[in-house]
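**Q** Below: one structure in structure tokens.
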Amino acid sequence: VRFFEGIGRLAYDAADPITSLYEGNRLRQVADGAPEESCVVVPNGIDLERFAPLRQKRAAEVPKVLGLIGRVVPIKDIKTFIRAMRTVASTDPEAEGWIVGPEDEDEKYAAECHDLVATLGLENNVKFLGFQDLRDILPKLGVVVLSSISEAMPLVVVEGFAAGVPSVVTDVGACRELIEGRRDEDRALGTAGRVVQIADPEALGSAALELITDTEEWHRAQAAAIARVEKYYTEPMMIARYLQIYE
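If you use the numbering used here, the sequence shown closes out at 258, no skipped numbers anywhere.
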């Protein structure tokens, strides 16, 4: 470990500037020996024109659908999402949880997730949809849920924002600043969902329920999500920042 830390410091000493995707990672780079004055944050951006039109496809009412979009693997902690759906379904039996992503990377874990759904009696509430086109899925979701135990800057949250879908996320990577904002001007836009601790299915389920059952609060979160992605996380902004660095 010390050997690789040493290689990191050599790379930091030779680099100008040093970029990271989010503030938490920038602080980690500084702690690992990077000169603070050289460290800049360049967040990923998304193609707004691809997702913004999906807002017009949404139903008038908030769908009682929680969508986890990602691979069915342990780092995404699909089991916590499934257990959270037990909390959700106990309060609202009509609510659904969609797991949208491939299951072939860790077939044993995927089988355990299917077994957990059966054990908890959630066969009517939790659906495994496999790989899907996000443009078909996002307009049908009430919230995008991310239950991961580790992330950097999850693009699916930002893509959901662009499509007008708030998120409930675990406190990993850039998730908190995506939901709550990075700086004062960003935070003034409002909260685009909820942040919970990792591996806490009850908190995850309760936070999602709070959004999908409170229409006024959901619309506030949606407005914050759209404003945040349009102001800070578009692809042209990202490209312009990197062009400036290279120039």
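No residue lacks a Cβ here, since even glycine has one placed at the ideal position from N, Cα and C.
Can you tell me whether DSSP reads R69 as helix, strand or coil?
**A** Correct three-state label for R69: coil.
**Q** Is the separation between the beta-carbon of V155 and that of V167 shorter than 9 angstroms?
**A** It is a contact, given that the beta carbons lie within the stated cut-off.
**Q** Looking only at its chain, what residues have a beta carbon closer than 8 angstroms to the beta carbon of R198, apart from the 5 residues adjacent to it on each side?
**A** Here the set comprises E191, G192.
**Q** So is F142 buried or exposed if we call it buried at 16+ other beta carbons inside 10 Å?
**A** That one is exposed.
**Q** Which same chain residues end up closer than 7 angstroms to A100 when comparing Cβ atoms and leaving out the 5 residues on each side of it in sequence?
**A** A106, L133, N136.
**Q** Between E213 and chain C, is the shortest Cβ-Cβ distance under 9 angstroms, so that the two count as touching?
**A** Structure shown: chain C not included; a single protein chain is present.
**Q** Along the chain, where does the alpha helix (DSSP H) containing S178 start, and where does it finish?
**A** Note, S178: premise wrong, no alpha helix (DSSP H); beta strand (DSSP E) at 178-181.
**Q** Taking the alpha helix (DSSP H) that F92 falls in, what are its first and last residues?
**A** Unbroken alpha helix (DSSP H) run through F92: 89-102.
**Q** Of the residues D24, L215, R97, which one's Cα is nearest the Cα of S158?
**A** Closest option to S158, Cα to Cα, is L215.
**Q** Kindly list the residues whose CB is nearer than 7 angstroms to the CB of G171, restricted to its own chain and excluding five residues on each side of it in sequence; keep chain order.
**A** Only L149, V155, S178 meet the Cβ criterion.
**Q** Do you know offhand how far Y257's Cα is from V76's?
**A** Computed Cα separation, rounded: 43 angstroms.
**Q** Rounded to a whole number of angstroms, what is the C-alpha to C-alpha distance between I250 and S31?
**A** Those two C-alpha atoms are separated by around 14 angstroms.
**Q** Roughly how many angstroms separate the alpha carbons of D147 and R39, rounded to a whole number?
**A** Cα to Cα, the separation comes out at about 37 angstroms.
**Q** From this set, A218, E188, A238, which residue's C-alpha is nearest V52's C-alpha?
**A** V52 has its Cα closest to that of E188, out of A218, E188, A238.
**Q** Check whether the Cβ atoms of G184 and E162 lie closer than 9 angstroms to each other.
**A** It is a contact, given that the beta carbons lie within the stated cut-off.
**Q** Can you check which of these residues, R61, D24, K68, is closest to C50 by C-alpha distance?
**A** The shortest Cα separation from C50 among R61, D24, K68 belongs to D24.
**Q** Roughly how many whole angstroms lie between the Cα atoms of G19 and E48?
**A** Answer to the nearest angstrom: the Cα atoms are 17 angstroms apart.
**Q** Could you say if the stretch 107-126 and the stretch 224-236 meet the contact criterion of at least three C-beta pairs nearer than 8 angstroms?
**A** Judged by Cβ distances under 8 angstroms, the stretch 107-126 makes no contact with the stretch 224-236, as fewer than three pairs qualify.
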